[in-house]
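Going line by line, the protein sequences match chains A and B.
The numbering of the first sequence is our numbering, which starts it at 698 and goes up by one.
The numbering of the second sequence is our numbering, which starts it at 1006 and goes up by one.
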Amino acid sequence: MDASTWVAKRTPPNALARLFDYKPFLIAVCLFPALGLLLAFLTYPLGLGIYLSFTDTQIGGNGKWVGLENFIDLMEDPIFLQSVWWTFVYTAIATIGKFALGLWLALLLNDNIPFKSAIRAIILLPYIVPTVLSAIAFWWIYDPQFSIISYVVVDQLGLRDKYYDFLGEPWPARWSLIVANIWRGIPFVAITLLAGLQTISPSLYEAAMLDGASPWQRFRRITAPLLMPILAIVMTFSVLFTFTDFQLVYAITRGGPINATHLMATLAFQRGIPAGQLGEGAAIAVAMIPFLVFATLFSYYALGNRKWQQGSDND
Amino acid sequence: MDRFTRRDAFKMGTGVALGATALAPDAMAQAGIPVANVPLPNQPAEAGATIRVIRPSKFVEADEAVWNENQAKFIKATGIQVRTDYVGWEDIRAQVAVAARTGAGPDVVAGWAADPHLYADKTLDMTELAEYLGKKYGGWGPLPERFGKKFGTNQWLSIPMGCGGGALVWRKSWVNEVGYSSPPNELDRFLDMCRKLQKINRPVGFALGNAVGDGNGTATWLLWSHGGFQVDEAGKVTINSPRTIEALKYAAELYKTFIPGTLSWLDPSNNKAYISEEVSVTPNGVSVYFVLKNDPKYAKIAEDTQHSRLPGAVGTRYPETANVLNAMVFKHTKFPNASKEFIRFMMEAEQYDPWLTKCLGYWAHPLLAFDKSAAWTGDAKVLPFRDAQKMPHWIGFKGPISAASGAVDAEYVLVQMFASVCSGQATPQEAAKEAERRITRIYRRAA
Chain A
698 MDASTWVAKR TPPNALARLF DYKPFLIAVC LFPALGLLLA FLTYPLGLGI YLSFTDTQIG
758 GNGKWVGLEN FIDLMEDPIF LQSVWWTFVY TAIATIGKFA LGLWLALLLN DNIPFKSAIR
818 AIILLPYIVP TVLSAIAFWW IYDPQFSIIS YVVVDQLGLR DKYYDFLGEP WPARWSLIVA
878 NIWRGIPFVA ITLLAGLQTI SPSLYEAAML DGASPWQRFR RITAPLLMPI LAIVMTFSVL
938 FTFTDFQLVY AITRGGPINA THLMATLAFQ RGIPAGQLGE GAAIAVAMIP FLVFATLFSY
998 YALGNRKWQQ GSDND
Chain B
1006 MDRFTRRDAF KMGTGVALGA TALAPDAMAQ AGIPVANVPL PNQPAEAGAT IRVIRPSKFV
1066 EADEAVWNEN QAKFIKATGI QVRTDYVGWE DIRAQVAVAA RTGAGPDVVA GWAADPHLYA
1126 DKTLDMTELA EYLGKKYGGW GPLPERFGKK FGTNQWLSIP MGCGGGALVW RKSWVNEVGY
1186 SSPPNELDRF LDMCRKLQKI NRPVGFALGN AVGDGNGTAT WLLWSHGGFQ VDEAGKVTIN
1246 SPRTIEALKY AAELYKTFIP GTLSWLDPSN NKAYISEEVS VTPNGVSVYF VLKNDPKYAK
1306 IAEDTQHSRL PGAVGTRYPE TANVLNAMVF KHTKFPNASK EFIRFMMEAE QYDPWLTKCL
1366 GYWAHPLLAF DKSAAWTGDA KVLPFRDAQK MPHWIGFKGP ISAASGAVDA EYVLVQMFAS
1426 VCSGQATPQE AAKEAERRIT RIYRRAA
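Right under this line is the structure:
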């Protein structure tokens, strides 16, 4: 047999192999797990929630389509309107508090301090503890009879003659919850901002110092702008977490006193599950979606969409 | 023996065999409980049944311990596998809801009073078992009968297993100190006593926060003791009435005698406050006394603690209700008879009486024969808890037990009505009107 007549023998690929060589099929197969997960665990629950909000479903029963009735009803419900207002106030104040304190903490941690990594680990503690546990701790701290704060101020220092009533009146209760939320949220902000700070090249600070920049100028001209992209992301997440907060409020006040501290999330649960009005609860939850989308877009575009993020100058 | 015989025996005979030999309830009836001779209900357990039960978590240790012992006895006697999950008090409604909606999950739910009424079309009919138990054990008390039967019918939806009643818990020495031998039944004199207690710095405390049990307990006591009710028999909203206004005015006066902070009290708050001697009088279940009695360091407080009915009763129309532990079986169970057998077994005196007795009155019996139980002769102080099943009111009084009455309770409408007047945020008229608006809305939506 001479070489000129030799024909390379290639076993023709079998049907399965051919199928996997077929691009559209391959794409579909590779996407399926991800799409399946998204559909099953994201699209379906969300879609079901939105559907329920247009029905009068009660727990354990089947509802019928009522169109916008739930939403129209809610517009006339002072408790719902108050919860919307309070959700905004809570989110705004708590986010500002978390960012001010978290940024400060991040700046402190970014300096050279002894036991740096140990301290950073400790800082994360409030974030690691399950929310319900920290909520119960705060519930004790705010207890009308057994508050440690009242005990120290009244029984030990004698500065007051009455115990604090943290949760018995609307505004003290609201501030108490905000403080608890800030306490819990700081580590997340501080640690992520710290990560952002560490990406800033020290040479920039050195150059600024050679030019005689004051610490404030260095913060204002170098730290702040370079931190902005990560700040935008952290801000987005923080707003979302705070806006949808549930556990702290539910464990500490259950929406009380009266309904002063009901967030939209707690009210949605209250109406939807214990009170059984699934449709109405879903409507309250769905009413949060536009606000959440807006908050996301706002922090993303207003804070994040700068030219230098895409690599060009910020002129 | 071939396997067909054995299988047949399982299939057809288990229920009969249970009653006849292994358990023989009549033969071993608990001493002192009068028992009528009634044939067992016809519910032969399915072969190889395994059932799952959920019930509320214990507040007192023995509750769970004796339940588990009884369950082990049942497993041993029948070969039916049973698993009981103890669920947090506030989570049980949600779990029942999910089970009802998905048609999966526990077979037996020993849950809260109203749930069988909400899921009436998803639960098995219990009439035969309920009538058997009623005939055998001297009849059902009015409260469990109300919660067992479908409103306005004689069809039983569930088997009430216990009535967690309340009573006024009070410190004898302090009440005596202000000139009363015991808290008076007349509301004006009760107010006077509370005022005097506050003057000697021994204030009373009634929960007014969003507390499922205690908050609603305070609110309904105030409402019913003044003759008010949220809806009439047909479900028409009647909350905005002169009686409610009276109740609200009384509450505002009484609130002035409370320890500070009751507006944020949740269910455990009054227990903590009473045990630490911060309050002199508070309404509660037997759990406070149970803690005091079982801990030597509280012996002095336990000794000084007394219980009595809440004030404002007219004859036997006590202005109270009780928390009914109401057992139902979902239609989705694969083992309806085994599930019913389990409930029957737990309700028979051999099992029920030890549970009742060791729980120190935590769950009062729904069946009147157990009035004679040793549970109520041991410690005279728990006697007021014996009569929980005789309370004439229920959540949603006077209307049907429904999703709406449950929602009024779960949304704390009545609690908040009283709390808003007590805190000075609303006048009695405004508060009653707001409650009327909310109750009307809830009843309209649920209709």
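For glycine and all other residues, C-beta sits at the position ideal for the given N, C-alpha and C.
Keep in mind that this is a model prediction, so the values were computed, not measured.
Sequence-distant residues of its chain with Cβ nearer than 6 Å to residue i (five each side left out)
i	result
glutamine 1086 of chain B	Thr1055
histidine 1337 of chain B	Gly1108
glycine 893 of chain A	Leu924 and Ile927
valine 1101 of chain B	Val1114, Gly1116 and Asp1120
isoleucine 776 of chain A	Asn956
serine 847 of chain A	Tyr860 and Tyr861
lysine 1177 of chain B	Asp1309 and Gln1311
glycine 1170 of chain B	Ala1327, Ala1369, Phe1390 and Ala1393
CB contact check: residue i to chain B, cutoff 8 Å
i	result
arginine 918 of chain A	no
asparagine 956 of chain A	yes
threonine 950 of chain A	yes
glycine 760 of chain A	no
alanine 877 of chain A	no
glutamine 755 of chain A	yes
Beta-bridge pairing of residue i - partner residues as DSSP gives them
i	result
serine 1313 of chain B	B/Leu1173
asparagine 1275 of chain B	Asparagine 1275 of chain B is not bridged to any residue.
aspartate 808 of chain A	DSSP output for aspartate 808 of chain A lists no bridge partner at all.
isoleucine 1056 of chain B	B/Val1087
alanine 1332 of chain B	B/Ala1115 and B/Ile1164
asparagine 975 of chain B	No information on residue 975 of chain B is available, as it lies outside the stretch 1006 to 1452 that chain B covers here.
phenylalanine 1263 of chain B	B/Val1209
lysine 1386 of chain B	Its beta-bridge partners do not exist; DSSP assigns none.
leucine 1372 of chain B	B/Trp1145
proline 1061 of chain B	B/Val1092
threonine 752 of chain A	A/Trp762
lysine 1154 of chain B	B/Trp1161
Cutoff 8 Å: residue i Cβ touching any chain A Cβ
i	result
arginine 1176 of chain B	no
glutamine 952 of chain B	The structure shown does not extend to residue 952 of chain B, since chain B spans only 1006 to 1452, so no value can be given for it.
proline 1405 of chain B	no
methionine 1033 of chain B	Here methionine 1033 of chain B scores only 40 on pLDDT, less than 50, and its place in the model should not be relied on; the value that follows carries that caveat. Judged by the 8 Å Cβ criterion, methionine 1033 of chain B is not in contact with chain A.
glutamate 1353 of chain B	no
serine 1062 of chain B	no
glycine 1218 of chain B	no
glutamine 1235 of chain B	no
leucine 1268 of chain B	yes
threonine 1432 of chain B	no
arginine 1106 of chain B	yes
leucine 1028 of chain B	Confidence at leucine 1028 of chain B is low in this model, with a pLDDT of 40, below 50, so its placement is unreliable and the value that follows should be read with caution. Output row for leucine 1028 of chain B: interface = no.
alanine 1412 of chain B	yes
alanine 1224 of chain B	no
Beta-carbon separation (whole angstroms), residue i vs residue j, contact threshold 8 Å
i	j	result
glutamine 1434 of chain B	isoleucine 955 of chain A	Actually they are not in contact, since the Cβ atoms of glutamine 1434 of chain B and isoleucine 955 of chain A sit about 17 Å apart, beyond 8 Å.
glycine 1143 of chain B	alanine 1374 of chain B	4 Å
proline 1188 of chain B	leucine 1173 of chain B	6 Å
valine 1113 of chain B	valine 1058 of chain B	4 Å
isoleucine 1444 of chain B	isoleucine 1244 of chain B	5 Å
glutamine 842 of chain A	alanine 1278 of chain B	5 Å
leucine 964 of chain A	isoleucine 981 of chain A	6 Å
glycine 1366 of chain B	valine 1387 of chain B	4 Å
lysine 1063 of chain B	glutamate 1069 of chain B	4 Å
leucine 960 of chain A	alanine 832 of chain A	The Cβ separation is near 13 Å, so there is no contact.
lysine 1154 of chain B	alanine 1125 of chain B	Wrong, their Cβ atoms sit about 11 Å apart, outside the cutoff.
Beta-carbon contacts of residue i that lie in its chain and below 7 Å, excluding the five residues immediately before and after
i	result
leucine 891 of chain A	Ala803, Leu806 and Asn807
proline 1039 of chain B	Gly1143, Ala1374 and Lys1377
alanine 1379 of chain B	Gly1037 and Thr1362
glycine 855 of chain A	none
valine 936 of chain A	Thr788, Thr792, Ala992 and Ser996
Chain-ordered chain D contacts of residue i [CB-CB under 8 Å]
i	result
proline 1265 of chain B	Any reference to chain D falls outside this structure, whose protein chains are A and B.
Nonlocal neighbours in the same chain, by C-beta distance under 8 Å from residue i, ignoring five residues either side
i	result
leucine 822 of chain A	Pro884
glutamine 914 of chain A	Ala905
Would you call the segment 1205-1214 of chain B and the segment 1228-1241 of chain B touching, i.e. three or more CB-CB distances under 8 Å?
no
Would you call the segment 972-980 of chain A in contact with the segment 753-771 of chain A, where contact means no fewer than 3 C-beta pairs closer than 8 Å?
yes
Counting Cβ pairs closer than 8 Å, one from the segment 1240-1258 of chain B and one from the segment 1267-1276 of chain B, do we hit at least three?
Flag = no, the segment 1240-1258 of chain B and the segment 1267-1276 of chain B do not touch.
Contact between the segment 1410-1418 of chain B and the segment 1213-1223 of chain B (3+ Cβ pairs under 8 Å):
yes
Within 8 Å, do at least three Cβ pairs link the segment 1345-1364 of chain B to the segment 1235-1254 of chain B?
no
Does the segment 865-878 of chain A come close enough to the segment 787-800 of chain A to have 3 or more Cβ pairs within less than 8 Å?
yes
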